[in-house]
Structure formats: C-alpha cells, structure tokens
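Here is the structure we will look at.
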Ligand SMILES: CC(C)(COP(=O)(O)OP(=O)(O)OC[C@H]1O[C@@H](n2cnc3c(N)ncnc32)[C@H](O)[C@@H]1OP(=O)(O)O)[C@@H](O)C(=O)NCCC(=O)NCCS
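Residue numbers (the working numbering): 288 to 452.
In structure tokens, the structure reads:
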C-alpha cells in the first residue's frame, strides 16, 4: 500500500469512497464527501492523503487548519477519514492517520484536533480535556494531540467547509 498526497484526478474517487465509508454510520449526516469537496474548493486541504492499493484508492484522510478562540495558529483538524468498507480493519485507517500526523509534525504544527471516538483515537495518543470545547460536544469526543508547546485551551472552530448541509 502506498500513501501519498491526492492528485487532482483523485477527487471523484475520494468523493465516492467517502460516501461509501459513511453510508451506514448512524452518527453521520452524510455530509462528509461534500465537506472534503468544500475544503478542497476553498484551498483549505492542508493534507489530503490517499491510500492506494494496486492503483485503486482504498482510503483517504483530510487535515485542515482549525482556530482556537477564533485565532489562527498551528493546530490542524483531522477528518473526514474513510476506508473502503471491504478493506476496513486491516490497518489502512491507522496507516493514513500515522502518516498524516508525521507530516504535520514535519511542518512544525503545534498539534492536531478531532471529533471522534476515544476508543479509536486514543491509540494515536489523542486525549481530551475539559479546557477545550466545541459547542455542546461531550468533552471525550473532542480530542487533541500536542506535538509542541502548550495544550490547546478554549473553543475550537473548524473550517467553514465543515458547515455544508
Ligand atoms: C474509522 C476508519 C477510518 C478506521 O479505518 P480502518 O482501516 O477500518 O481501521 P484500522 O484497521 O486502522 O483499525 C482497526 C481498529 O479500529 C477499530 N475501529 C474502527 N472504527 C472504529 C470506531 N468507529 N470506533 C472504535 N474503534 C474503531 C477497530 O475495532 C479495530 O480495533 P482493533 O485494532 O483493536 O481490533 C474506518 O473504519 C472507516 O472508514 N469507518 C467509516 C467512516 C468513519 O467512521 N470515519 C471516522 C469518523 S470519526
């Protein structure tokens, strides 16, 4: 498996893959594929990594800048992340996330923030703290991983591309 930045011609395959991955997810509002498009259109995809197997895209993860207390900085949001259903639980999601976190560190990012299941993301070192908020999301589901400097405190804002309906 090869992990690399998306190429322009990958956009449609990423859209289909994201729709497929979230199709049966109960908490999903089925906006994830459009979110990736909106981030791309806004030039806000800091990283858009694809996992290829035999030339076919089997996984994708997006990273985009977030604001804390309205201030831009060096924090990045992880997501959406998608693995083709037939290929899930084979380590593709973990490989994509590890790769992306490594790239963010190499960019000297302060850290990464996401909304997701602690059961999955704690394996990468993500943690939660009541000093970091996102609306009324239960604290455990808003998670962060600090690469350098202090832990983030305050209200997180994701890119407006996440507001698609
Ligand atoms: C979540 C997702 C990206 C993980 O990718 P993956 O390639 O299937 O996962 P990996 O093979 O790297 O890791 C598998 C492990 O993750 C766990 N896992 C996968 N999804 C999980 C979830 N939503 N919550 C908790 N654990 C999860 C599996 O139980 C497995 O655990 P184990 O190693 O202890 O057995 C993939 O399952 C997916 O696309 N899901 C649908 C879309 C989605 O929910 N995206 C994330 C939104 S926060």
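Don't be surprised by glycine CBs; every beta carbon is placed ideally from N, CA and C.
| Item | Value |
| --- | --- |
| Should the segment 420–434 be regarded as contacting the segment 371–383, the criterion being three or more beta carbon pairs within less than 8 angstroms? | no |
| Ligand 1 heavy atoms versus the CB of residue 312: any closer than 7 angstroms? | yes |
| Kindly identify the DSSP beta-bridge partner or partners of residue 421. | In DSSP, residue 421 forms no bridge with anything. |
| Straight-line CA distance for residue 398 to residue 433? | 4 angstroms |
| Give a yes or no on contact between the segment 407–426 and the segment 299–319, applying the rule of three or more CB pairs nearer than 8 angstroms. | no |
| Check whether the segment 349–361 and the segment 319–331 touch, using three or more Cβ-Cβ pairs below 8 angstroms as the test. | yes |
| Ligand 1 and residue 392: does any heavy atom of the ligand fall closer than 7 angstroms to the residue's C-beta? | no |
| On the CB-based measure, 16 or more other CB atoms within 10 Å of its CB, does residue 393 come out buried or exposed? | exposed |
| In whole angstroms, what separates the C-alpha of residue 361 from that of residue 402? | 18 angstroms |
| When the Cα atoms are used, what is the spatial distance from residue 382 to residue 345? | 12 angstroms |
| Does the Cβ of residue 445 lie closer than 7 angstroms to at least one heavy atom of ligand 1? | no |
| Quick check on this structure: which residue in 300, 418, 437 has the alpha carbon closest to the alpha carbon of residue 343? | 300 |
| So, with DSSP's three-state summary, where would you put residue 295? | helix |
| Would you say residue 338 and residue 384 are within 8 angstroms of each other, going by their C-beta atoms? | no |
| Does residue 367 come out as helix, strand or coil in the three-state DSSP assignment? | strand |
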